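Peer 1:
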Amino acid sequence: MDEEITKTPTLNKELATLVKKANQTYLENFDGKVWFGRCIFLSWYCETGTCKFCFRSTQKHKIKNPSDARRSLASVLAEAVMIRGFGWRLEFLTGGYGIFPLKEIAEIAKMCKQVLGEKIWLNLGTMKPKELEMFKSSTGGIVASIETTNKKLHAKVCPDKKMQPYVKLLKDSGEMGFKKSMTIIIGLGESRKDLTELKEFITKNPLDRITIYTLRPVAGTDYTNGPSTEDLIWWIAQVRIAFPKLEIIVGSAKYRIKEISLILKAGANAFTKLPATNLFNSDKAIEIENEVKKAGRELVSKFRMKNVRTIKWNAILENVKNKELRTQVKETLERYLKKFEKKQK
Numbered sequence: 029m030d031e032e033i034t035k036t037p038t039l040n041k042e043l044a045t046l047v048k049k050a051n052q053t054y055l056e057n058f059d060g061k062v063w064f065g066r067c068i069f070l071s072w073y074c075e076t077g078t079c080k081f082c083f084r085s086t087q088k089h090k091i092k093n094p095s096d097a098r099r100s101l102a103s104v105l106a107e108a109v110m111i112r113g114f115g116w117r118l119e120f121l122t123g124g125y126g127i128f129p130l131k132e133i134a135e136i137a138k139m140c141k142q143v144l145g146e147k148i149w150l151n152l153g154t155m156k157p158k159e160l161e162m163f164k165s166s167t168g169g170i171v172a173s174i175e176t177t178n179k180k181l182h183a184k185v186c187p188d189k190k191m192q193p194y195v196k197l198l199k200d201s202g203e204m205g206f207k208k209s210m211t212i213i214i215g216l217g218e219s220r221k222d223l224t225e226l227k228e229f230i231t232k233n234p235l236d237r238i239t240i241y242t243l244r245p246v247a248g249t250d251y252t253n254g255p256s257t258e259d260l261i262w263w264i265a266q267v268r269i270a271f272p273k274l275e276i277i278v279g280s281a282k283y284r285i286k287e288i289s290l291i292l293k294a295g296a297n298a299f300t301k302l303p304a305t306n307l308f309n310s311d312k313a314i315e316i317e318n319e320v321k322k323a324g325r326e327l328v329s330k331f332r333m334k335n336v337r338t339i340k341w342n343a344i345l346e347n348v349k350n351k352e353l354r355t356q357v358k359e360t361l362e363r364y365l366k367k368f369e370k371k372q373k
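So this is what it looks like as structure tokens:
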């Protein structure tokens, strides 16, 4: 398994030149403000559960009753409250295929939108136009989990998740007025030659956003190592240069925090996939802030506070209209806040 990166890696001359170009491209198109994206999971179960890299593929056989893997609505909305309060952004609402009735997810999406004060991003697998219509009032963007545009590699790592339905999802979403995003993962076994295929895919399926995940090896899967820093940074920089106005979010890991400055210099707008509630008010939170500063960017999301009570939590909670549910959300939020206060330095 991967070891922690203890200092920001030094790039070779060729890659440093590429990153410099990508950074300039970013600066010509964006304002330098960086945020943290937080995914909200509705459950830890996936009906498909066969993707070779995924944590949920190691859990499916352990879950005899999928309904037991559902999160409580209060915990979901408490996360949404924290996202708004700490200046994070909702990366997307997701939750594994086939565990929730779609009508129920549509209602949860509406509640998340109310709490956040803006339309959300949604990543629920493939959906037909009639199903997408259920989310028009709550959702601004749809995410297609492509994972890799290398067709042979895709068939190998996602044997039961065909690519074409996701291509259609992007097409339908665009025609219905949704913004569009896709996810890819670096470290699945792709080669740099696959960049051509990725660029062709994005050109044919224009996007507003892309999330580039760093493979995080999971015990019990086929993968024992994530990508090198050099490979990850190369892919981010190439995508930035090829698509100057595309919003790029990069999924990192707790043990890869020292890469964040390079990720941002390579052209990323934001980062995600960090266990923010565990890192909040910790030494790692300081590292995150320092990495963003090192990149010459401004972090607009909070990872530490001397007094978390200065945020107007009750005002945010008022957006949960059901009083009984609001009380449950407040109780869940309170447990998080007490945890953060204990760690405050």
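Under my numbering, the first residue of the sequence shown carries the number 29, and numbering increases by one thereafter. For every residue, glycine included, the Cβ atom is placed at its ideal position computed from N, Cα and C. What you are looking at is a predicted structure, and each value in this text was computed from that prediction instead of being measured.
So, do the stretch 119 to 129 and the stretch 52 to 72 have three or more beta carbon pairs nearer to each other than 8 Å?
Peer 2: The stretch 119 to 129 is in contact with the stretch 52 to 72.
Peer 1: Which value, in whole angstroms, describes the spacing of the CA atoms of glutamate 225 and aspartate 200?
Peer 2: 22 Å
Peer 1: Would you report the Cα separation of serine 209 and leucine 198, rounded to the nearest angstrom?
Peer 2: 8 Å
Peer 1: On the premise that alanine 298 lies in contact with valine 62, defined as a C-beta separation below 8 Å, what is that separation, rounded to the nearest angstrom?
Peer 2: 6 Å
Peer 1: Tell me the start and end of each unbroken alpha helix (DSSP H) in the stretch 307 to 358 that is at least 4 residues and wholly inside, in chain order.
Peer 2: Taking only runs of at least 4 residues, the alpha helix (DSSP H) segments lying wholly in the stretch 307 to 358 are 311 to 322, 341 to 345.
Peer 1: Looking at C-alpha atoms only, which residue of Ala294, Asn151, Thr300, Lys334 is the closest neighbour of serine 310?
Peer 2: Lys334
Peer 1: Which one of Val357, Leu292, Leu243 has the shortest CA to CA distance from aspartate 59?
Peer 2: Leu292
Peer 1: So the beta strand (DSSP E) tryptophan 263 belongs to, where does it begin and stop?
Peer 2: No beta strand (DSSP E) holds tryptophan 263; the alpha helix (DSSP H) holding it covers 257 to 270.
Peer 1: With DSSP run on the structure shown, which of helix, strand or coil describes glycine 452?
Peer 2: With the chain covering 29 to 373 only, the question about residue 452 has no answer from this structure.
Peer 1: Within its chain, find whatever has a CB closer than 6 Å to the CB of threonine 38; leave out the 5 residues flanking it on each side and keep chain order.
Peer 2: Once the five neighbours on either side are set aside, threonine 38 has no close Cβ partner at all.
Peer 1: Just list the residues that DSSP pairs tyrosine 241 with in beta bridges.
Peer 2: Ile213, Gly279
Peer 1: Let me know if arginine 268 comes out buried or exposed under the rule of 16 or more other beta-carbons within 10 Å of its beta-carbon.
Peer 2: buried
Peer 1: Per DSSP, what kind of secondary structure is histidine 89 in: helix, strand or coil?
Peer 2: With a pLDDT of 49 at histidine 89, under the threshold of 50, the modelled position of that residue is not reliable, and the figure given next carries that caveat. Correct three-state label for histidine 89: helix.
Peer 1: Going by DSSP, what residues sit across from alanine 298 in a beta bridge?
Peer 2: Trp63, Ile277
Peer 1: To the nearest angstrom, how far is the alpha carbon of glutamine 372 from that of lysine 366?
Peer 2: Per the coordinates, the alpha-carbon of glutamine 372 lies some 10 Å from the alpha-carbon of lysine 366.
Peer 1: So is glycine 295 buried or exposed if we call it buried at 16+ other beta carbons inside 10 Å?
Peer 2: buried
Peer 1: Is it true that the CB of phenylalanine 114 sits closer than 8 Å to the CB of alanine 137?
Peer 2: no
Peer 1: Tell me the residue span of the alpha helix (DSSP H) that contains isoleucine 133.
Peer 2: 130 to 144
Peer 1: So the candidates are Glu132, Glu42, Thr78; which of them puts its Cα closest to the Cα of leucine 70?
Peer 2: Glu132
Peer 1: Near arginine 325, which residues of its chain fall below 6 Å by C-beta distance, leaving aside the five closest residues on each side in sequence?
Peer 2: Gly60, Val62, Leu292
Peer 1: Does DSSP put alanine 106 in a helix, a strand or coil?
Peer 2: helix
Peer 1: Taking the CB atoms as reference points, tell me whether proline 255 and methionine 204 lie closer together than 8 Å.
Peer 2: no
Peer 1: With C-beta atoms as the reference, is glutamate 317 less than 8 Å away from phenylalanine 331?
Peer 2: For glutamate 317 and phenylalanine 331, yes; Cβs fall inside 8 Å.
Peer 1: Which partner residues of glutamate 149 appear in the DSSP bridge assignment?
Peer 2: As written in the sequence, residue 149 is tryptophan, which differs from the glutamate given in the question. Gly169.
Peer 1: Tell me threonine 122's beta-bridge partners as DSSP assigns them.
Peer 2: Phe69, Asn151
Peer 1: Going by DSSP, which residues form a beta bridge with arginine 98?
Peer 2: Ser71
Peer 1: How far does the alpha helix (DSSP H) with aspartate 200 in it reach, from first residue to last?
Peer 2: 192 to 203
Peer 1: I'd like the list of long-range same chain contacts for aspartate 222, defined as Cβ closer than 6 Å, with 5 residues on each side in sequence excluded.
Peer 2: Asn178
Peer 1: Output yes or no for whether 8 Å exceeds the beta carbon distance between valine 143 and alanine 97.
Peer 2: no
Peer 1: Would you tell me roughly how many angstroms separate the C-alpha atoms of threonine 242 and glutamate 175, rounded to the nearest one?
Peer 2: 11 Å
Peer 1: Using beta-carbon positions only, say whether alanine 172 and lysine 227 come within less than 8 Å of one another.
Peer 2: Not closer than 8 Å, so no.
Peer 1: Going by DSSP, name the residue or residues bridged to lysine 207.
Peer 2: Gly169
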